[in-house]
Amino acid sequence: MPDSATLALPPLRGRVQAEAPLAPFTWFRVGGPAQYLVRPADVDDLLLLLRDRPAHLPLTVIGAASNLLVRDGGLRGITVKLARGFSDIAVEADGIIAGAAALDMTVAEHAAAAGLGGLEFLSGIPGAIGGAVAMNAGAYGSEVKDVLDWAEVATPAGLLRLDNAALGFAYRRSALPAGGVVVRARFRAVPGAAAEIAARMNVIRSAREESQPVRARTGGSTFKNPEGHKAWALIDAAGCRGLRQGDAQVSEKHCNFLLNLGAATAADLEGLGETVRARVAAQSGIALEWEIKRLGEPAA
1 MPDSATLALP PLRGRVQAEA PLAPFTWFRV GGPAQYLVRP ADVDDLLLLL RDRPAHLPLT
61 VIGAASNLLV RDGGLRGITV KLARGFSDIA VEADGIIAGA AALDMTVAEH AAAAGLGGLE
121 FLSGIPGAIG GAVAMNAGAY GSEVKDVLDW AEVATPAGLL RLDNAALGFA YRRSALPAGG
181 VVVRARFRAV PGAAAEIAAR MNVIRSAREE SQPVRARTGG STFKNPEGHK AWALIDAAGC
241 RGLRQGDAQV SEKHCNFLLN LGAATAADLE GLGETVRARV AAQSGIALEW EIKRLGEPAA
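In structure tokens, the structure reads:
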């Protein structure tokens, strides 16, 4: 297996792996390999990579891969996965500072244990903090933009600390600098009774388990909610609940979720999603927009 020198990468301290399988990292459990998978040791390692990586190799960043579909041909270039060096969580008197690899649920749990309210909604969002900031993740009436003070973003030019306004939040997106990677963020919270905060989190967890296929191989919400509409309702009205393509299925429990029943390919899942989009457009005239990120090359 080539080492970092062979790959003409800078001298990284983290792990570099060629032709690394990505399917085990994704919640769908599908997709081809990464040409090169890099797990930086820490922020300095990531900054070195961003600054000195070969220009001919495209760079993709993945986190918990909970809302990601990697196509069957895999990802060309460098795939960065933030892991151990990016998962620290620090509790402050009126907020939480969390690394990009910290899970949303874990951040919510730390806040609740410290008697800090306002971050309960994170317990209903699968994924990690880096992705939550990048896509302005939201659930149960709150979004990241409602509670974020600042985020630290690694760029080829160095590390930036950007406040809420500078991140340009909108529905399910933010305006990160070109080539920027979220590495850490601070969320403001309100001191409260730990028992009451925990109770609110339990309500969210129960609601999620009752309404979503949380124990299935899925990728979370498939399509964004169009203005004034709910994506699931449009999909249901178009007769797509339970629709299958190979081992890919529209969830019968919540039809804005796609499922891998066991042997689906990324092509099956994406194809089923496009069939859903076509049927919704024909029935309602509304074009659904993918919320799941679809990356990589189709199978050869």
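Take the sequence shown: its position 228, counted from the start at 1, is 228 in UniProt numbering, and no numbers get skipped. From the three backbone atoms N, C-alpha and C, an ideal C-beta is built for every residue, glycine too.
Subject >> Cα-Cα separation, Gly-70 to Pro-213 >> reply: In the sequence shown, residue 70 corresponds to position 70, counting from 1. In the sequence shown, residue 213 corresponds to position 213, counting from 1. A quick correction: the sequence has Val, not Gly, at residue 70. The C-alpha of Pro-213 is placed about 20 Å away from the C-alpha of Val-70.
Original post:
What is the DSSP secondary structure of Ser-4, counted as helix, strand or coil?
Top reply: The residue you call residue 4 lines up with position 4 of the sequence shown. Annotation note: pLDDT 48 at Ser-4 (below 50); position unreliable, no value reported.
Original post:
Looking at C-alpha atoms only, which residue of Val-30, Ala-8 and Asp-42 is the closest neighbour of Ser-66?
Top reply: Within the sequence shown, residue 66 is the residue found at index 66, counting from 1. The residue with the shortest Cα to Cα distance from Ser-66 is Val-30.
Subject >> Residue environment, Gly-141, which counts as buried when at least 16 other CB atoms sit within 10 Å >> reply: To locate residue 141, count along the sequence shown from 1; it is residue 141. So Gly-141 counts as exposed.
Original post:
If you run the structure through DSSP and keep just helix, strand and coil, what is Leu-22?
Top reply: One-based indexing of the sequence shown puts residue 22 at position 22. In this structure, Leu-22 counts as coil in the three-state DSSP scheme.
Original post:
Quick one: what does DSSP say Phe-187 is sitting in, helix, strand or coil?
Top reply: The residue given as residue 187 occupies position 187 in the sequence shown. If DSSP states are grouped into helix, strand and coil, Phe-187 belongs with the strands.
Original post:
Between which two residues does the beta strand (DSSP E) carrying Thr-60 extend?
Top reply: The residue labelled residue 60 in the question sits at position 60 within the sequence shown. DSSP places Thr-60 inside the beta strand (DSSP E), whose first and last residues are 59 to 62.
Original post:
What are the start and end residues of the beta strand (DSSP E) that includes Arg-51?
Top reply: On the sequence shown, position 51 is the one that residue 51 refers to. No beta strand (DSSP E) holds Arg-51; the alpha helix (DSSP H) holding it covers 43 to 52.
Subject >> Ser-206, DSSP secondary structure in three states >> reply: For the purposes of this step, residue 206 is taken as the residue at position 206 of the sequence shown. It is helical.
**OP:** Given a cut-off of 9 Å, decide if Ala-83 and Pro-126 are closer than it, judged by their beta-carbon atoms.
**Re:** On the sequence shown, position 126 is the one that residue 126 refers to. On the sequence shown, position 83 is the one that residue 83 refers to. No, they are not a contact pair.
Original post:
Can we say the segment 148 to 163 touches the segment 113 to 122, given the rule of at least three CB pairs closer than 8 Å?
Top reply: Flag = no, the segment 148 to 163 and the segment 113 to 122 do not touch.
Subject >> Burial state of Glu-209 (16 or more Cβ within 10 Å) >> reply: Residue numbering aside, residue 209 sits at position 209 when the sequence shown is read from its first letter. Glu-209 comes out exposed.
Subject >> Segments assigned beta strand (DSSP E), at least 3 residues, entirely inside the segment 229 to 291 >> reply: The segment 229 to 291 contains these whole beta strand (DSSP E) runs: 248 to 250 and 258 to 260.
Subject >> Rounded C-alpha distance that separates Ala-100 from Phe-86 >> reply: Counting from one through the sequence shown, the residue named residue 100 turns up at place 100. Counting from one through the sequence shown, the residue named residue 86 turns up at place 86. Each residue's alpha carbon lies about 6 Å from the other.
Original post:
Does the segment 183 to 195 come close enough to the segment 228 to 237 to have 3 or more Cβ pairs within less than 8 Å?
Top reply: No, because fewer than three Cβ pairs between the segment 183 to 195 and the segment 228 to 237 fall closer than 8 Å, the two stretches do not touch.
**OP:** Output the distance between the C-alpha atoms of Gly-179 and Gly-131, rounded to the nearest integer angstrom.
**Re:** Start at 1 with the first residue of the sequence shown, and residue 179 comes out as number 179. Start at 1 with the first residue of the sequence shown, and residue 131 comes out as number 131. For Gly-179 and Gly-131, the distance between alpha carbons rounds to 14 Å.
Original post:
How is the alpha helix (DSSP H) around Ala-128 delimited, first residue to last?
Top reply: Position 128 of the sequence shown, counted from the start, is the residue given in the question as residue 128. Here Ala-128 belongs to no alpha helix (DSSP H), and DSSP marks it neither H nor E.
**OP:** Within the same chain, show all residues whose beta-carbon is closer than 7 Å to that of Thr-155, passing over the 5 residues directly before and after it, in chain order.
**Re:** In the sequence shown, the residue the question calls residue 155 occupies position 155. Excluding residues within five positions, the ones whose Cβ falls inside 7 Å are Leu-50, Pro-177, Gly-179 and Gly-180.
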